[in-house]
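Number of protein chains: 2
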Amino acid sequence: MEKIFVFGHKSPDTDSICSSIVMADLQRKTGEEDVIPCRLGEMNEETKYVLKHFQVEAPMLLEKVEEGQTVIMVDHNEFTQTVDGIENAKIITVVDHHRINNFKTAEPLFYYAQPVGCTATLLLELYTLNHVEIEPKMAGLMLSAIISDTLLLKSPTTTEKDKKAVEQLAKIANIDINTYGLEMLKAGTDLDKYTEEELIRLDAKKIEKEDVKYVIAQVNTVSIPDVLKRKAKIEQEINKEILSKGLSLFVFVITDIINSNSEAIVLGDRTDAISKTYEIKDNIAVMPGVVSRKKQILPLVENNI
Amino acid sequence: MEKIFVFGHKSPDTDSICSSIVMADLQRKTGEEDVIPCRLGEMNEETKYVLKHFQVEAPMLLEKVEEGQTVIMVDHNEFTQTVDGIENAKIITVVDHHRINNFKTAEPLFYYAQPVGCTATLLLELYTLNHVEIEPKMAGLMLSAIISDTLLLKSPTTTEKDKKAVEQLAKIANIDINTYGLEMLKAGTDLDKYTEEELIRLDAKKIEKEDVKYVIAQVNTVSIPDVLKRKAKIEQEINKEILSKGLSLFVFVITDIINSNSEAIVLGDRTDAISKTYEIKDNIAVMPGVVSRKKQILPLVENNI
């Protein structure tokens, strides 16, 4: 039987990793035998905490795909965020909750997207549609993905469907979501172990609009000042990245998960895309109430670039 | 309440027209009030037969959309095949069964696609998912769309889901599919009333790959020689179209719906995309067993251009 790789985006977050594992599980239970969950990069501390908690193995590291390789994409669709070689792969399925950007295939495919807070919320629907029973471990992974993407249902990306999914999954996984959720999110805020180079790549989305390339990266913390102690070195790394990748803009968003605020380090030729809305002082934009890259920062940049 | 336009592709076929009407019905029944089914061009004779048979009004003709207009696309996603102004519209939903090609939105959306024979097969699933009862008229329209797209379930694009959908819908609409289906298809083969200029645009898909623009048009008939009597004039119109639109290739596929064969008039600088597989003599390629543009002709051209 044909081997199928399932993966989320580069700089994988908890949704990308968990949804790959869960989607592979669902595929196997609906008849596909050789489905391999993969990751396109190092896992962050939050995700490691999740996999350890539910005693689930990490997905295989995938660096590129060969021509004609059959793949399933979860939690992303943009080619700038995916595995090398995607142009010549055979994409049979996408399950995602992002906007679609210059996605293309040669053949018709299964594509399921909804404007919800997390890919895992849609995977839960697919289990239901296919009448497949959900194991507690898989419920735990989906639950973790939703908590991660919605910052414990507090992000403006959160929908009724996500809330209902969390409720249903918490029962199956037998988890108290507030206790577990906060512990899990806090595990992801231990940024000390990363070099600045790693920090700016930890959860970085590269976007191209016409000829303008830019990156919006995001880290979670319980103390923004703690992260900003490393500002000089972070800026140095960002400037290196701007030069080597030919970027017009790099937005490094530091999100306080307790108080639901962000501050961003903004560098590049096109800082105007941010400064039209938020004052930038000493390369820093203070963004009260901002926690969602997708819903709050990306549209802002897109409209101004 | 916000007005929402629903439409299929330009050069609308029966699936594009019926799915617009049916999708509007489904949207209304799930809470959206002001949903307007639209068409992006003249309806063909087959579609007129269907609407007359089920006594359903024709959708409104839509020539372009204003900036910010909320829209739902059915039966297509490629911007080259859709309404003028789409780049600045707000696409909230797509239901489709084609490959995805350079589709993009600024925001997350509901996107539902599967590699099945017809959009209406997916709409039937959405009725079921939303627990909405299907009226006989709507069942008749969906049934007609599937019969049209799959040439009475004989095209290689036909899947098990399409077959099951037809069975279910025939019961609701109380229709004998073979009798009705053949009559409906035959109604679409009366090509005498079209000028050659109309004929080549009746069901034409314009495709761009990198900088190469090409068109694959298709007509159904019960007699290929009857259509080829007009070959000289058809070629004249195709050559005009090639010049005015800057096309590299125009493939005009004439499909015999009784015997499931096609012959194509092939013109342009890049006829090699066809001649690598089918011998072209006097601008004509004979294609035994070929009835599906999507599954049999498009991949061929895409691979060779």
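Order-wise, the sequence lines are chains Z and D. Take the first sequence: its position 213, counting from 1, is numbered 213 in our numbering, and each next residue is one higher. Take the second sequence: its position 78, counting from 1, is numbered 1078 in our numbering, and each next residue is one higher. Beta carbons: idealized from backbone N, C-alpha and C, even for Gly. On a predicted model such as this, the values are computed, not experimentally measured, just so you know.
Quick one: what's got a C-beta closer than 7 Å to residue i's C-beta in the same chain, skipping five residues either side?
i                  : result
Ile146 of chain Z  : Gly117, Cys118, Ala120, Thr121, Asp162, Ala165 and Val166
Asn1239 of chain D : Leu1267
Asp190 of chain Z  : Glu45
Ser248 of chain Z  : Val212, Lys213, Tyr214, Gly268, Asp269 and Arg270
Glu1237 of chain D : Glu1196, Glu1197 and Ile1200
In chain order, what residues of the same chain have a beta carbon less than 6 Å from the beta carbon of residue i, not counting five sequence neighbours either side?
i                  : result
Ile1257 of chain D : Leu1151, Leu1185 and Asn1220
Lys276 of chain Z  : Asn304
Lys1003 of chain D : Asp1034
Phe1110 of chain D : Thr1093
Ser970 of chain D  : Residue 970 of chain D is absent from the model: chain D starts at 1001 and stops at 1305.
Lys206 of chain Z  : Thr80 and Val215
Glu41 of chain Z   : What sits at residue 41 of chain Z in the sequence shown is Gly, not Glu. Lys10, Ser11 and Pro12.
Lys209 of chain Z  : Ile305
Gly85 of chain Z   : Lys64 and Val65
His53 of chain Z   : none
Leu1300 of chain D : Thr1277
Asp1149 of chain D : Asp1015, Gly1117 and Cys1118
Asn1261 of chain D : Pro1288
Asn1101 of chain D : Glu1078
What residue range does the alpha helix (DSSP H) around residue i cover?
i                  : result
Arg1306 of chain D : Chain D is shown from 1001 up to 1305; residue 1306 of chain D falls before or after that span and cannot be answered.
Asp1316 of chain D : Since the displayed chain D opens at 1001 and closes at 1305, residue 1316 of chain D lies outside it and no answer follows.
Asn1303 of chain D : Leu1298 to Asn1304
Asn261 of chain Z  : Note, Asn261 of chain Z: premise wrong, no alpha helix (DSSP H); beta strand (DSSP E) at Asn261 to Leu267.
Asn1178 of chain D : Ile1177 to Ala1187
Val50 of chain Z   : Glu45 to His53
Val227 of chain Z  : Ile224 to Leu228
Ala274 of chain Z  : Reading off the sequence, residue 274 of chain Z comes out as Ile, not Ala. Segment Asp272 to Ser275, the alpha helix (DSSP H) holding Ile274 of chain Z.
Glu1196 of chain D : Glu1196 to Leu1199
Helix, strand or coil for residue i, going by three-state DSSP, please let me know.
i                  : result
Glu241 of chain Z  : helix
Pro1059 of chain D : coil
Ser1248 of chain D : coil
Met1142 of chain D : helix
Lys1281 of chain D : strand
Ile86 of chain Z   : helix
Pro1115 of chain D : coil
Asp1034 of chain D : coil
Thr121 of chain Z  : helix
Thr1093 of chain D : strand
Assuming residue i is part of the beta strand (DSSP E), what are its boundary residues?
i                  : result
Val1291 of chain D : It is not in any beta strand (DSSP E) - Val1291 of chain D carries neither H nor E in the DSSP assignment.
Glu1313 of chain D : Here chain D covers residues 1001 to 1305 and nothing more, so residue 1313 of chain D does not appear.
Ala217 of chain Z  : Val212 to Thr221
Thr1070 of chain D : Thr1070 to Val1074
Ile1258 of chain D : Run containing Ile1258 of chain D: none; DSSP gives neither H nor E here.
Asn1102 of chain D : Asn1101 to Lys1104
Ile134 of chain Z  : Note, Ile134 of chain Z: premise wrong, no beta strand (DSSP E); not H, not E.
Val65 of chain Z   : Premise fails: Val65 of chain Z is in no beta strand (DSSP E) and is neither H nor E.
Phe79 of chain Z   : Run containing Phe79 of chain Z: none; DSSP gives neither H nor E here.
Could you name the residues of the same chain whose beta carbon sits closer than 8 Å to that of residue i, not counting the 5 residues immediately before and after it, in chain order?
i                  : result
Asp203 of chain Z  : Ser11, Asp13, Asn44, Ala217, Gln218 and Val219
Gly246 of chain Z  : Lys213
Glu1230 of chain D : Checking the displayed sequence, the identity of residue 1230 of chain D turns out to be Arg instead of Glu. Within the same chain, Arg1230 of chain D has close Cβ partners Glu1196 and Leu1199.
His98 of chain Z   : Asp75, His76, Asn77, Glu78, Ala113 and Lys294
How many whole angstroms separate the CB atoms of residue i and residue j, which I take to be in contact at a CB cut-off of 8 Å?
i                  : j                  : result
Asn60 of chain Z   : Ile36 of chain Z   : It should be pointed out that residue 60 of chain Z corresponds to Met in this sequence rather than to Asn. Correct: roughly 6 Å between the Cβ atoms.
Ser1292 of chain D : Ser1155 of chain D : 5 Å
Ala264 of chain Z  : Ile284 of chain Z  : 7 Å
Cys18 of chain Z   : Leu141 of chain Z  : 4 Å
Val1222 of chain D : Ile1297 of chain D : With a Cβ gap of about 20 Å, Val1222 of chain D and Ile1297 of chain D do not count as contacting.
Leu1062 of chain D : Arg1039 of chain D : 7 Å
Nearer than 7 Å: is that true of the beta carbon of residue i relative to any heavy atom of the ligand ADP?
i                  : result
Val1083 of chain D : No copy of the ligand ADP occurs in the structure displayed, which carries no ligand at all.
Would residue i pass as an interface residue toward chain A - the criterion being a Cβ-Cβ separation below 8 Å?
i                 : result
Glu135 of chain Z : Although the question refers to chain A, the structure presented lacks it and instead comprises the protein chains Z and D.
| Proximal residues, the region 1098-1120 of chain D versus chain Z, C-beta separation under 7 Å | His1098, Arg1099, Ile1100, Asn1101, Asn1102, Phe1103, Lys1104, Thr1105, Ala1106, Glu1107, Pro1108, Leu1109, Phe1110, Tyr1111, Tyr1112, Ala1113, Gln1114 and Pro1115
| request: Could you please tell me which residues of the region 1156-1167 of chain D, in chain order, have their CB closer than 7 Å to any CB of chain Z? | output: Correct list: empty, as no residue qualifies.
| task | Scan the region 201-235 of chain Z for residues whose Cβ lies nearer than 9 Å to a Cβ of chain D and list them as they occur along the chain. | result | none
| said: Counting only Cβ-Cβ distances shorter than 9 Å, please list the residues of the region 1038-1070 of chain D near chain Z, keeping chain order. | reply: none
| query | If contact means a Cβ-Cβ distance below 8 Å, which residues of the region 1282-1302 of chain D contact chain Z? | reply | Within the region 1282-1302 of chain D, the qualifying residues are Lys1294, Pro1299 and Glu1302.
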